[in-house]
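Read the structure below first, then the notes.
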Amino acid sequence: MSHSRFRLALAAALVLLLSQFGVALAAPTLRYTLSMPAPQTHYFEVEMALGGFSKQYTDVKMPVWAPGSYLVREFAKNVEGFTAKAGSEVLRTEKITKNTWRVFHPKAKDFTVRYRVYAFELSVRTSFIDAAHGYLNGTSVFMFPADGQQLPSTLTVQPAPGWNQVSTSLKPTGTPFTFSSASYDELADSPIEIGTQKVLTFEANGTPHTVAMFGNPKYDEARLLTDLKWVCEEAHRVVGQNPLDRYLFIIHNIDRGTGGLEHLFSTTLSVSRNAYSTESGYKGFLGLVAHEYFHLWNVKRIRPVALGPFNYDAENYTHMLWVSEGGTEYFSNLIVQRAGFVTPEGYLADLSNGIGRVENTPGNKQQAASESSFDAWIKYYRPNENSQNTGISYYDKGEVIGAVLDLMIINETKGQKSLDDVMRYLYDRYYKQLGRGFTDDEYQDAVAKVAGRRFDDFFRKNVYGTEILPYATALGYAGLTLTNTPFTTDAALGASVSTTGGKFTVANVLRDGSAWQGGLSVSDEILALNGARVTDDPNKLLAGQPVGTPVTLLVSRDGQMKEVTFPLMAGSTQRYRIEKLPNATAQQQAVFAKWLRTK
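The sequence shown begins at 308 in the working numbering and counts up one residue at a time.
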């Protein structure tokens with residue numbers, strides 16, 4: 308037997324002997340230090356101290372994606388300078404996969420890993436640092452031992468010179484800028500804002516809430532905190548149980564906001580710094596708050612079984628993002644309406660627009676909501692010029708599915724139950740009792756339990772199939788009707804045109820429209836229309852033309868001239884409008900009142 312095999316055998320025998328006598332071995336420990344000595348260079352520096360790792364080598368990993376954002380982003384691409392030491396001894400390291408580093412430490416149980424991360428993408432799902440502030444999501448900065456995803460850890464943040472604030476939902480340890488995590492999942496799911504941001508506080512549902520405001524926007528502080536409290540408390544009423552002991556809003560106020568991303572005890576919102584100055588902008592901000600805050604329940608606790616514990620190495624597939632994201636969008640709009648920021652009439656107008664977004668997208672007839680969810684990894688976050696023809700947003704489709712399903716439940720239970728009760732059941736059953744997510748079938752079972760009957764045909768046709776939703780029936784339960792009229796009676800080109808650089812280039816072509824049928828192609832540069840040089844977007848030049856008008860376009864395709872002739876067809880875009888029936892029955896009025904809480 309070789310010496311190495313002998314040592315391994317001896318170690319195994321020792322572990323067995325100790326376990327037989329009830330002697331507990333010390334658990335491995337994990338400590339992170341985050342520094343940023345030169346923030347203007349856009350680098351975070353990470354030190355990871357691992358203790359009690361008794362194997363010959365340890366693999367450490369960097370996630371390839373961020374939970375809540377369903378795209379493999381390859382965060383390891385931004386790592387450099389990876390080294391490891393045990394005391395003063397330099398350890399051998401080897402990169403064995405795109406996101407895995409192997410550290411050889413046969414003589415040492417304790418060792419330290421160091422590396423740098425380039426961070427210059429300011430979005431809610433990535434990390435960023437410059438001379439003004441630092442922001443990070445754990446998945447794009449912190450590695451973890453491959454066999455230690457459930458290890459607790461501590462993190463010490465060393466802010467750049469002149470920075471005095473560290474905002475995170477991680478629990479403080481009592482030492483300045485030092486925090487604890489129960490597992491890597493918690494560390495990865497707790498973003499951190501570092502700098503001189505303004506910090507505000509309020510209380511909702513007996514829980515302290517903190518707001519970290521970066522970007523110096525102009526806003527009414529008292530109004531903002533009051534309205535945030537109302538939104539949070541109204542969101543809480545849906546499920547009626549509070550999973551929190553603290554919560555953090557990180558708000559990046561920048562030139563153009565990009566949305567939000569939910570986390571276990573926090574959210575990051577990217578908002579236009581001018582959003583607070585207009586009524587529509589402010590309502591949009593509150594809607595974003597409601598959406599991300601409601602994720603505390605829907606997806607962070609009430610979740611599809613595939614979404615936790617996470618596999619950080621690869622895609623985590625689910626058919627249920629139409630519930631997790633689209634359903635959250637549905638509830639967030641209801642929350643803003645229930646809180647009094649939007650009237651019932653305003654809500655119906657917003658829902659009408661949502662129906663229009665779905666039904667005016669040709670891909671809605673090609674891709675089911677369940678397929679949109681499953682393919683999020685390869686389609687939703689990677690749109691191309693043909694996406695509108697082949698797919699549908701699980702946000703948009705899930706929102707209108709939620710509305711239809713809610714009305715069906717309310718009607719079936721004669722106003723006694725609603726989709727709120729489905730969320731309560733899922734929270735109690737799967738989060739609290741079973742401690743896991745739900746399957747596709749279990750979601751349908753939950754709906755059936757609340758409604759008192761099954762809606763299997765609805766799910767088969769409208770969720771897992773592409774049949775048009777039963778809008779008329781569902782809205783009719785509430786004494787409402789849905790009308791749709793052509794956006795215009797004029798003909799339409801059926802293509803959008805980019806006018807960048809003084810050129811008129813086809814950006815996309817609408818399925819089954821004039822350009823689609825006539826052979827106009829994406830990337831065609833339109834030079835002339837009916838023999839005249841084009842000096843403006845052809846859509847403007849053709850405005851008001853009757854259906855059947857022939858057009859001849861001279862285009863440059865791959866550097867060669869080509870003439871395309873076809874008749875203009877009617878535009879397919881419809882305008883949708885939800886209206887109240889003049890003589891709603893008592894039952895219809897009761898359904899409406901239950902739905903929008905008007906009584």
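All C-beta atoms in this analysis are idealised placements derived from N, C-alpha and C, irrespective of residue type, glycine included.
Can you find the residues in the same chain that come closer than 8 Å, C-beta to C-beta, to residue i, ignoring five residues on each side of it along the sequence?
| i | result |
| --- | --- |
| LEU848 | LEU836, VAL841 |
| LYS590 | VAL643, PHE648, VAL649 |
| LYS405 | VAL371, GLU381, ALA383 |
| ALA814 | GLU692, ALA802, SER803, VAL804, SER805, VAL829 |
| PRO335 | LEU357, GLY358, GLY359, PHE360, PRO452, GLY455, LEU458 |
List the residues that DSSP assigns as beta-bridge partners of residue i.
| i | result |
| --- | --- |
| TYR422 | VAL353 |
| LYS402 | TRP408 |
| ASN560 | VAL578 |
| SER863 | GLU832, MET868 |
| ARG884 | THR790 |
| MET876 | ALA799 |
| ASP366 | ARG409 |
| GLU387 | ARG423 |
| THR812 | SER805, GLU832 |
| GLU569 | THR574 |
Under the assumption that residue i contacts residue j (Cβ atoms under 8 Å), give the Cβ distance between them as a whole number of angstroms.
| i | j | result |
| --- | --- | --- |
| GLU636 | HIS598 | 6 Å |
| TYR734 | TRP604 | 6 Å |
| THR517 | SER474 | 7 Å |
| ILE436 | PHE382 | With a Cβ gap of about 15 Å, ILE436 and PHE382 do not count as contacting. |
| GLY567 | LEU576 | 4 Å |
| GLY388 | TYR339 | Rounded, the Cβ-Cβ distance is 16 Å, inconsistent with contact. |
| PRO899 | GLY783 | A small fix is needed here, since residue 899 is Phe in this sequence, not Pro. 11 Å between Cβ atoms; not a contact. |
| VAL630 | TYR750 | 6 Å |
| ALA438 | PHE418 | Actually they are not in contact, since the Cβ atoms of ALA438 and PHE418 sit about 33 Å apart, beyond 8 Å. |
If we count the other Cβ atoms within 10 Å of its Cβ and call it buried at 16 or more, is residue i buried or exposed?
| i | result |
| --- | --- |
| GLY855 | exposed |
| GLN504 | buried |
| MET876 | buried |
| ASN471 | exposed |
| LEU776 | buried |
| GLY634 | buried |
| THR795 | exposed |
| LYS906 | exposed |
| THR792 | exposed |
| ASN890 | exposed |
| PRO874 | exposed |
| ASN769 | buried |
| SER639 | buried |
| THR365 | buried |
| ASN523 | exposed |
| LYS368 | buried |
| ALA675 | buried |
| ALA529 | exposed |
| ASN618 | exposed |
| MET868 | exposed |
Can you list, in chain order, the residues of its chain with a C-beta nearer than 6 Å to that of residue i? Leave out the 5 residues immediately preceding and following it.
| i | result |
| --- | --- |
| SER361 | LYS416 |
| VAL596 | VAL538 |
| THR433 | SER447 |
| ALA373 | ARG432, ASN444, THR446 |
| ALA333 | GLY359 |
| LEU861 | LEU834, ALA835, GLU870 |
| THR925 | Summary: the structure shown does not reach residue 925, with the chain confined to residues 308 through 906, and so no result is reported for it. |
| VAL330 | Interpretation of VAL330 is limited by its pLDDT of 49, a score under 50 that renders its predicted location unreliable; the figure taken from the coordinates is listed afterwards. Cβ neighbours of VAL330 beyond the five flanking positions: none. |
Whose C-beta lies closer than 7 Å to the C-beta of residue i among residues of the same chain, with five residues either side of it excluded?
| i | result |
| --- | --- |
| ARG904 | ARG645 |
| ASP534 | LEU593 |
| MET730 | VAL545, VAL546, TRP604, ASN605, ILE609 |
| GLY661 | ASP703, GLU706, VAL707 |
| THR720 | ALA758, GLY759 |
| LYS901 | ILE717, GLY722, SER725 |
| PRO845 | LEU800, VAL804, PHE811, ILE833, LEU836 |
| GLU569 | GLY375, GLU599, HIS602, VAL606, LYS607 |
Quick one: does residue i have its CB under 7 Å from some CB of chain D?
| i | result |
| --- | --- |
| GLY670 | In summary, chain D is missing from the structure at hand, where a single protein chain is found. |
Under 6 Å from any heavy atom of the ligand SAM, does the C-beta of residue i make it?
| i | result |
| --- | --- |
| GLY502 | This structure lacks the ligand SAM; in fact it carries no ligand of any kind. |
The region 491-507 contacting the region 439-452, beta-carbon criterion three pairs below 8 Å:
The region 439-452 and the region 491-507 touch, with three or more beta-carbon pairs separated by less than 8 Å.
### Query
Taking contact to mean at least 3 C-beta pairs separated by less than 8 Å, is the region 713-733 in contact with the region 752-767?
Yes, the region 713-733 touches the region 752-767.
Legend entry - Inter-stretch contact (C-beta, 8 Å, three-pair minimum) for the region 365-378 and the region 685-698: Short answer: they touch.
*Inter-stretch contact at 8 Å, needing at least 3 Cβ pairs: the region 463-470 / the region 404-421*: No: the two stretches stay apart, fewer than three of their Cβ pairs being nearer than 8 Å.
Would you call the region 694-713 and the region 656-668 in contact, with 3 or more CB pairs under 8 Å? Touching, per the Cβ criterion.
* Asked: Within the chosen definition, does the region 449-464 reach the region 480-493 through at least 3 CB pairs nearer than 8 Å?
  -> Between the region 449-464 and the region 480-493 there are three or more inter-stretch CB-CB distances shorter than 8 Å, so the stretches are counted as touching.
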